[in-house]
Amino acid sequence: MAEPSASGPGPVTTTRVRLPWEPVAFAAVLLVAWEVGARAFGVPEFLLPRPLSILSTMQSQAGRMVPHLAFTLGEALSGFAGGVLLGILVAFGLASSAFLRRELLPLIVFSQSMPTAALAPLLVVWLGLGFLPKAVLALVLVFFPIAMNVTSGLVQVNPDLLRLVRSYRATAWQAFIKVRLPHAVGYLIAGMQIAAPLALIGAVVGEFVGANRGIGFVILDAAARLATVEMLAGITYVGLTGTAMFLAVGALERSLAPWLGDRR
Amino acid sequence: MRGAWRVLLRVRGVLPALGIAAWEAAVAVLGIPDYLLPAPSRVAQELFVRFFLLVRHTGVTLQEVILGLGAAVAGGGLLAVSMALVPILHRGLFPLLAFLQAVPKITVAPLFVIWIGYGLGSKVLMVFLISFFPVVVNLASGLLQVEPDVLRLMRSYRASRWQTFRAIRLPNALPYFLSGMRIAAALSLVGAVVGEFVGADRGLGYLILLSNAELRTPLLFACLAWLGVMGVLLFGSLQWIERWLLPWARVEAPERRTVAGF
Amino acid sequence: MPASIITVHALSKTFTLNREPLLALSGVSLEVYPQEFVSIVGRSGCGKSTLVNIVGGLVAPSAGEVVVMGRPVTEPPEAIGMVFQSPVLLPWRTVLDNILLPVEILGLPREPALRAARELLALAGLQGFEGAYPHALSGGMQQRVAICRALVFDPPILIMDEPFGALDAMTREEMGMELLRIWHERRKTVLFVTHSISEAVFLSDRVVVMTPRPGRICEVLPIDLPRPRDLRVRALPRFGEFELRIRQLIFEPAHG
């Protein structure tokens with residue numbers, strides 16, 4: 001980013017990011033090699049499907065798969081929303097009490113050592129085979145990064161910032177509203193970027209364990225029929241959705257928190 | 265009475281202890297059946313009675329994790345070093361790998377089961393796939409994000425690329441590598457367990473599904489507890505390795521704003 | 527003699543460091559007069575930052591008192607604007623919103639403050655940057671924003687704690703001259719902490735020399751160099767004599 005001149009007037013301009021051609025070229029080369037190589041070596045389709053067959057299956061089966069995908073997305077988004085809300089609430093609690101932090105933080109860290117996805121079967125026992133256990137699993141997966149990030153954002157504020165507002169005789173409430181809260185927003189969004197794909201994974205893993213709808217179910221169903229092309233079509237659909245969610249939160253960050261700049 | 269409260273509140277772990285006591289009481293008082301929510305005492309009993317069963321299956325899952333992580337470190341290490349030494353490889357491949365971190369890979373689990381079967385292999389492959397990305401992305405970053413002044417210093421000694429690599433890039437990359445390993449370790453557990461959910465005949469994930477199907481929920485809880493212990497041991501070992509590898513600094517691992525790649 | 531605007535009387539401050547008491551300030555007394563530019567120099571640990579933090583109401587003294595504009599200081603007085611070494615701009619606010627921060631917290635009327643902010647931006651040479659975010663500005667520019675912020679509610683007194691410490695030597699000199707220009711324009715009283723001896727002599731009407739362990743005032747030198755001060759002032763023989771005197775006080779404390 002160009003340093004603005006100290007004397008010149010006028011606002012700062014950012015350099016536009018141009019899409020680099022090398023990775024795109026590499027990806028294209030790999031895909032072509034896959035397609036051509038599979039044909040050339042006569043690899044059977046059911047063993048390793050070719051990119052073109054996967055794409056055509058995605059297109060031909062769209063009518064069946066997309067509604068399932070939408071259902072899974074619904075589970076993921078509900079879990080995401082719930083996890084973010086719960087995470088923020090708990091973060092406020094943790095931020096306001098050192099006692100709670102001391103007691104609950106080790107617990108949260110321990111529960112993070114355990115792969116949360118392992119809760120899927122338990123949730124099926126409690127909540128059945130429908131929408132709910134998947135959404136709850138997504139919620140649990142989203143909850144942790146959000147809670148940790150927002151707590152950090154509220155508590156770990158640069159002490160100089162707090163000294164500054166104290167020099168204006170700011171009350172604790174003012175310090176909270178004007179410093180801690182906006183500071184936490186940046187951390188919240190970073191947490192959301194980590195959490196968005198996690199929500200999708202929660203939904204899909206939940207479906208792997210027990211479901212009769214959703215893209216995870218579609219993949220398992222195809223697996224039972226050894227229809228690997230369909231499986232990869234479903235997998236690709238999930239991949240695209242995960243990437244879209246990640247990019248969507250990135251765009252949200254740029255519009256809600258433009259001050260985060262190029263802190264990547 | 266107030267004084268007693270104050271003393272109690274100073275003890276660490278008082279809240280979790282109260283929580284467990286409340287849990288036990290609630291199950292007894294409300295008459296909640298075992299298969300729905302077992303009391304902590306029931307879970308503890310299960311942990312004791314089924315100890316060898318749990319150990320056996322934990323061993324399987326641990327094997328999957330360690331083999332998969334090992335392969336990820338070997339493969340990821342090789343690729344990262346290649347990218348560091350061959351700039352065009354880095355320019356072309358690194359952005360792809362960073363991008364793929366956001367793509368959920370756990371969905372491939374059923375495919376691996378079809379290809380390789382119910383045995384150890386499909387889980388090891390799943391763990392490998394899921395851990396590979398954080399390892400290679402973080403390691404490559406660490407090898408390349410060296411301060412330009414240090415590189416200039418090495419050039420002033422007319423150091424070869426290999427010398428610079430060994431003396432500068434490699435030590436520089438260690439904190440990045442460890443940061444990537446922490447992410448990979450967490451993901452490896454997920455990969456192993458979900459891989460077992462999808463198709464296995466051994467392992468903690470398999471045992472969880474089994475106890476789930478037979479509504480033996482206390483055993484399920486016991487499995488979850490063991491998974492937690494496994495996780496703690498994994499991270500503990502990583503911390504120990506970090507202290508051994510990086511004795512020269514209490515370096516704060518650089519903050520990576522990449523997605524913990526799934 | 528006009529009445530002093532800041533009176534520091536027998537100020538002492540003891541901190542506890544690793545359970546040992548540390549006497550940061552011992553019996554410090556000082557009078558600052560309206561529209562004066564007073565610098566405080568000394569080595570690290572002589573208590574100069576502690577002194578201005580107490581004057582600014584951010585730290586309570588262990589003994590003694592500070593009176594600002596006739597009122598004893600118990601909390602940060604409205605009469606004082608402060609600038610620290612780090613600009614401490616809120617990263618999520620634009621330059622203009624950062625300057626308006628004290629106005630919001632102190633609950634002052636927004637319209638006149640907005641006008642004042644724009645005037646200050648022009649005075650500091652930052653027109654056009656109202657909508658920029660701090661991360662896009664250089665260190666010198668950020669510090670200029672911090673100075674505008676300190677002046678927006680028009681406090682009669684400005685306390686500056688090593689504000690140019692993080693800047694390179696040339697920007698530092700440039701900022702010093704900028705500061706004098708703003709000071710001339712706005713007729714403020716300035717209490718300026720630095721460990722650059724030449725900076726202190728260049729900027730001030732009086733230089734307070736402090737020595738450490740315990741922190742106390744060693745001597746107060748009146749600097750009777752002509753104003754307005756420009757580049758040529760540094761070449762005057764009197765300038766060098768003042769610097770020498772201060773250096774002797776700091777490096778050869780046995781000398782009277």
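Residue numbers (my numbering), protein chains in the order written: chain G, 1 to 264; chain C, 265 to 526; chain V, 527 to 782.
Ideal Cβ placement from N, Cα and C applies to all residues, glycine included.
- Under the Cβ criterion of 8 Å, S97/G is not counted among the residues facing chain C.
- Taking CB atoms only, R169/G has a neighbour in chain V less than 8 Å away.
- Note on N544/V: under 16 other CB atoms within 10 angstroms of its CB, so exposed under the neighbour-count rule.
- Residue-level contact by beta carbon fails for G206/G and chain C, as no gap is shorter than 8 Å.
- For the pair L706/V and L677/V, the CB atoms are not nearer than the 8 Å cut-off.
- Taking a contact to require three or more Cβ pairs closer than 8 Å, the stretch 313–321 of chain C and the stretch 358–376 of chain C do not qualify as touching.
- P598/V carries a strand assignment under DSSP once its states are collapsed to helix, strand and coil.
- Comparing C-alpha distances from V179/G to each of Q193/G, V204/G and G153/G shows the shortest one belongs to G153/G.
- Per DSSP, reduced to three states, the secondary structure at G553/V is strand.
- Against chain V, a Cβ distance below 9 Å from W259/G picks out L616, P617, W618, R619, T620, Y659, P660 and H661.
- Setting aside the 5 residues that flank it on each side, M245/G is surrounded in the same chain by A196, P197 and L200, each with a C-beta closer than 7 Å to its C-beta; the list follows chain order.
- Chain-order list of chain G residues neighbouring I631/V: V165, Y168, R169, A170, Q174 and K178, by C-beta distance under 8 Å.
- Inter-residue distance for I215/G and V205/G is about 10 Å (C-alpha atoms, whole angstroms).
- Residue state for S565/V is assigned as strand, using DSSP reduced to three classes.
- Rounded to the nearest angstrom, the gap between the Cα atoms of A373/C and V462/C is 7 Å.
- Contact between I88/G and V150/G holds, with the beta-carbon distance rounding to 6 Å and staying under 8 Å.
- Residues of chain V whose Cβ lies closer than 8 Å to the Cβ of L161/G are, in chain order, V614 and L616.
- The residue among M701/V, D750/V, G583/V and E711/V with its C-alpha nearest the C-alpha of R166/G is G583/V.
- DSSP places D623/V inside the alpha helix (DSSP H), whose first and last residues are V621 to I625.
- Residue nearest to F143/G within the set A91/G, P49/G and W259/G is A91/G (criterion: CA-CA distance).
- Looking at the DSSP output, V593/V sits in a beta bridge with T533/V and P598/V.
- DSSP lists no bridge partner for P603/V.
- In the structure shown, M703/V falls within a helical segment according to DSSP collapsed to helix, strand and coil.
- Going by DSSP, I580/V is part of no beta strand (DSSP E) but of the alpha helix (DSSP H) stretching over K574 to V581.
- Less than 8 Å divides the Cβ of V209/G from the Cβ of P121/G.
- With the criterion set as a beta carbon lying under 7 Å from some beta carbon of chain G, the members of the stretch 553–584 of chain V are G582 and L584, in sequence order.
- The beta carbon of V454/C is closer than 6 Å to none in its chain, skipping five residues each way along the sequence.
- In the displayed model, E546/V falls within a strand according to three-state DSSP.
- The Cβ atoms of P23/G and P351/C lie no closer than 8 Å to each other.
- Residue environment for G383/C: exposed (fewer than 16 other C-beta atoms within 10 angstroms of its C-beta).
- Judged by DSSP in its simplified three-state form, F718/V adopts strand.
- Just so you know, the alpha carbons of A335/C and V275/C end up roughly 44 Å apart.
- If one requires a minimum length of 3 residues, no beta strand (DSSP E) run lies completely within the stretch 370–442 of chain C.
- For P182/G, the chain V residues whose Cβ falls inside 9 Å of its Cβ are L616, P617, W618 and R619, in order along the chain.
- Following the DSSP letters along the chain, one finds T236/G inside the alpha helix (DSSP H) bounded by residues T228 to L256.
- Secondary structure of L747/V (DSSP, three-state): strand.
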